[in-house]
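Read the structure below first, then the notes.
Numbering (our numbering), first residue to last: 887 to 1239.
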């Protein structure tokens, strides 16, 4: 049963995921307004993340300690900055691909297709982190991929909201974003686990590297941005998109702090349903075909079941032996036997965890 705090963060993360997709879709499909540049939005998102990470470090460590830590990690340990450059490049390109995807797909198709990131993250975890997945988990990963195929098939032959939109281009952009998301996420996880460093510091390093990368991408992809003001086309809703995108990662980190991957998976699955219903009611760009509903249900169910129980259950024999050893310890054993009992007890505790 979820606690009140966990339920609150579940609602917040669900609403954030769904609202981000809806508002982004709205800003990219408006008629009669000056369209903002996606690369500029990516750049401003990185700037917002940098500011948020700085504030978090100041609150956690204080001004003087935060200043020393930033100087040490950014200017002294240059090799660590080089390692952070890898996910920084991936995330920068991924963000641009997501803007392309949401501009060419309706909200429901975009949300469900992007759930392939679970499949890519699992594949990279097996290759890079040597993670072992159960047969049950692989089955749900395969059914997730099949659900994504059903979703994409449901858009073939359908009328797009605009002549400039292409479902195929949107799907390819979303697929590329999922590959980059899986690789970058696992690589970043590997850095955190190997070095056991502050997550805020790593995000700060990534933002510092992503800002110049985003500027380079602006020059290559949309060079006309340099002929316009920096915030060309920005209005209230665009600022909302940038802010929500920057704060989303912080909300996920908080969810992981008070709960675990189960809550995060539930929020992601519920966000798809909420976004699809809201898109159908307010944006009128959702396709209520039986094929899409079947694919969406398959993806939501697979994503939820995969993350619902990722660990292996503790064998009954180990539980019984652990309980017996606890009783032995509680019955005041001789002082010289304490270490032996502890040595026997420790492996069983580790097995349960």
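Virtual Cβ for every residue (Gly too), placed ideally from N, Cα, C.
Given the structure is predicted, the values throughout are model-derived calculations rather than measurements.
* DSSP three-state assignment for residue 916, whether helix, strand or coil -> Locating residue 916 in the chain shown gives position 30, where the first residue counts as 1. Here residue 916 sits in coil by DSSP.
* Whole-angstrom C-beta distance between residue 1181 and residue 1037, which should lie under 8 Å -> One-based indexing of the chain shown puts residue 1037 at position 151. One-based indexing of the chain shown puts residue 1181 at position 295. Right, their Cβ atoms sit about 4 Å apart.
* Just mark residue 851 as buried or exposed, buried being the case when its beta carbon has 16 or more other beta carbons within 10 Å. => Residue numbering for the chain in the displayed model covers 887 to 1239; residue 851 lies beyond these limits and cannot be assessed.
* Rounded Cβ spacing between residue 939 and residue 1089 (contact assumed at less than 8 Å) -> Translated into the one-based positions of the chain shown, residue 939 becomes position 53. Translated into the one-based positions of the chain shown, residue 1089 becomes position 203. About 5 Å separates the two Cβ atoms, so the contact holds.
* Asked: So, are the CB atoms of residue 1031 and residue 1019 less than 8 Å apart?
  -> Residue numbering aside, residue 1031 sits at position 145 when the chain shown is read from its first letter. Residue numbering aside, residue 1019 sits at position 133 when the chain shown is read from its first letter. Taking 8 Å as the Cβ cut-off, residue 1031 and residue 1019 do not qualify as a contacting pair.
* Asked: Counting along the chain, where does the alpha helix (DSSP H) carrying residue 989 start and finish?
  -> The residue labelled residue 989 in the question sits at position 103 within the chain shown. Counting along the chain, the alpha helix (DSSP H) containing residue 989 begins and ends at 964-990.
* To do: Taking residue 931 as part of the alpha helix (DSSP H), name the residues at either end of that continuous run.
  => Looking up residue 931 in the chain shown gives position 45. Unbroken alpha helix (DSSP H) run through residue 931: 924-947.
* Asked: Which whole-angstrom value is the C-beta distance of residue 990 and residue 928, which I expect to be below 8 Å?
  -> To locate residue 990, count along the chain shown from 1; it is residue 104. To locate residue 928, count along the chain shown from 1; it is residue 42. Contact doesn't hold; Cβ gap of about 17 Å is too wide.
* Taking the alpha helix (DSSP H) that residue 1010 falls in, what are its first and last residues? -> Against the chain shown, residue 1010 aligns to sequence position 124. Per DSSP, residue 1010 belongs to the alpha helix (DSSP H) from 1003-1014.
* Simplified DSSP assignment, three categories, for residue 1088 -> As a working mapping, residue 1088 is identified with position 202 in the chain shown. Helix.
* Asked: Closest to residue 1097 by CA distance: which of 976, 1076 and 1179 is it?
  -> As a first step, residue 1097 is located in the chain shown; it is residue number 211 there, counting from the start. The candidate whose alpha carbon is nearest that of residue 1097 is 976.
* Would you kindly work out how many angstroms separate the C-alpha atoms of residue 917 and residue 948, rounded to a whole number? => Locating residue 917 in the chain shown gives position 31, where the first residue counts as 1. Locating residue 948 in the chain shown gives position 62, where the first residue counts as 1. About 47 Å.
* Is the distance from the Cβ of residue 982 to the Cβ of residue 1103 below 8 Å? -> Working through the chain shown from its first residue, we reach residue 982 at position 96. Working through the chain shown from its first residue, we reach residue 1103 at position 217. Result yes, Cβ atoms of residue 982 and residue 1103 sit closer than 8 Å.
* Can you check whether the CB of residue 898 is closer than 8 Å to the CB of residue 1137? -> Start at 1 with the first residue of the chain shown, and residue 1137 comes out as number 251. Start at 1 with the first residue of the chain shown, and residue 898 comes out as number 12. Going by C-beta atoms, residue 1137 is nearer than 8 Å to residue 898.
* Between residue 906 and the rest of its own chain, which residues show a CB-CB distance below 8 Å, the 5 nearest in sequence each way excluded? -> Walking along the chain shown from the start, residue 906 turns up at place 20. Here the set comprises 1127, 1130, 1131 and 1134.
* Asked: Could you give the distance in angstroms between the alpha-carbon of residue 936 and the alpha-carbon of residue 1094?
  -> Your numbering for residue 936 matches position 50 in the chain shown. Your numbering for residue 1094 matches position 208 in the chain shown. Answer to the nearest angstrom: the Cα atoms are 7 Å apart.
* To do: Taking all protein chains shown into account, decide if residue 1016 is buried (16 or more other Cβ within 10 angstroms of its Cβ) or exposed.
  => Numbered from its first residue, the chain shown carries residue 1016 at position 130. The residue is exposed, with fewer than 16 neighbouring Cβ atoms inside 10 Å.
* **Identity of the residue in 957, 1071, 942 and 955 nearest residue 1006 by Cα** => Start at 1 with the first residue of the chain shown, and residue 1006 comes out as number 120. With distances taken between Cα atoms, residue 1006 lies closest to 1071.
* Asked: Just how far apart, CA to CA, sit residue 1077 and residue 1176?
  -> In the chain shown, counting from the first residue as 1, residue 1077 sits at position 191. In the chain shown, counting from the first residue as 1, residue 1176 sits at position 290. For residue 1077 and residue 1176, the distance between alpha carbons rounds to 43 Å.
* Excluding sequence positions up to five away, which residues of its chain have a Cβ less than 6 Å from the Cβ of residue 930? -> Here residue 930 refers to the residue found at position 44 when the chain shown is read from its first residue. The residues are 1128.
* Separation of residue 1023 from residue 1116, as counted between CA atoms -> Counted from its first residue, the chain shown places residue 1116 at position 230. Counted from its first residue, the chain shown places residue 1023 at position 137. Cα-Cα distance, rounded: 46 Å.
* Asked: Is there contact between the region 1107-1124 and the region 919-927, where contact requires at least three CB pairs shorter than 8 Å?
  -> Judged by Cβ distances under 8 Å, the region 1107-1124 makes contact with the region 919-927, as three or more pairs qualify.
* To do: Would you mind sorting residue 1080 into buried or exposed? The rule is 16 or more other CB atoms within 10 Å of its CB.
  => Residue mapping note: residue 1080 aligns to position 194 of the chain shown, counting from 1. Looking at its Cβ environment, which holds fewer than 16 other Cβ atoms inside 10 Å, residue 1080 is exposed.
* Asked: Exposed or buried, residue 1242, counting other C-beta atoms within 10 Å across all chains shown (16 or more means buried)?
  -> Summary: the structure shown does not reach residue 1242, with the chain confined to residues 887 through 1239, and so no result is reported for it.
* Assign residue 1023 to one of three DSSP states: helix, strand, or coil. => As a working note, residue 1023 is residue 137 in the chain shown. Helix at residue 1023.
* Asked: What's the C-alpha gap between residue 903 and residue 1013?
  -> To locate residue 903, count along the chain shown from 1; it is residue 17. To locate residue 1013, count along the chain shown from 1; it is residue 127. Distance from the CA of residue 903 to the CA of residue 1013, rounded to the nearest whole angstrom, comes to 28 Å.
* Which residue from 1111, 1060 and 1188 puts its Cα closest to that of residue 980? -> Here residue 980 refers to the residue found at position 94 of the chain shown. Nearest of 1111, 1060 and 1188 to residue 980, Cα basis: 1060.
* Asked: What residues in its chain sit with their C-beta under 6 Å from that of residue 1153, if we drop five residues either side in the sequence?
  -> In the chain shown, counting from the first residue as 1, residue 1153 sits at position 267. Taken in chain order, the residues that qualify are 896, 899 and 900.
* Find out if the Cβ-Cβ distance for the pair residue 1189, residue 1004 is shorter than 8 Å. => If you number the chain shown from 1, residue 1189 lands on position 303. If you number the chain shown from 1, residue 1004 lands on position 118. Yes, these two residues count as a Cβ contact at 8 Å.
* Asked: Leaving out five residues before and five after residue 920 in sequence, what residues of the same chain have Cβ atoms less than 6 Å from its Cβ?
  -> If you number the chain shown from 1, residue 920 lands on position 34. Cβ neighbours of residue 920 beyond the five flanking positions: 1119.
* Min CB distance residue 978 to chain B below 8 Å -> Chain labels in this structure do not include chain B; a single protein chain is all it has.
* Own chain, CB closer than 7 Å to residue 1029, minus 5 neighbours either side, in chain order -> Numbered from 1 along the chain shown, position 143 holds the residue referred to as residue 1029. Result list for residue 1029: 1184 and 1188, in chain order.
* What three-state label does DSSP hand residue 1116 in the structure shown? -> Counting from 1 along the chain shown, the entry for residue 1116 is found at position 230. Of the three classes helix, strand and coil, the one that applies to residue 1116 here is coil, per DSSP.
* **Whole-Å CB distance - residue 1000 paired with residue 1064, under 8 Å assumed** => Position 114 of the chain shown, counting from 1, holds the residue named residue 1000. Position 178 of the chain shown, counting from 1, holds the residue named residue 1064. Correct: roughly 6 Å between the Cβ atoms.
* Of the residues 1178, 1179, 941 and 1069, the one placed nearest residue 1010, counting alpha carbons only -> Counting from one through the chain shown, the residue named residue 1010 turns up at place 124. The candidate whose alpha carbon is nearest that of residue 1010 is 1069.
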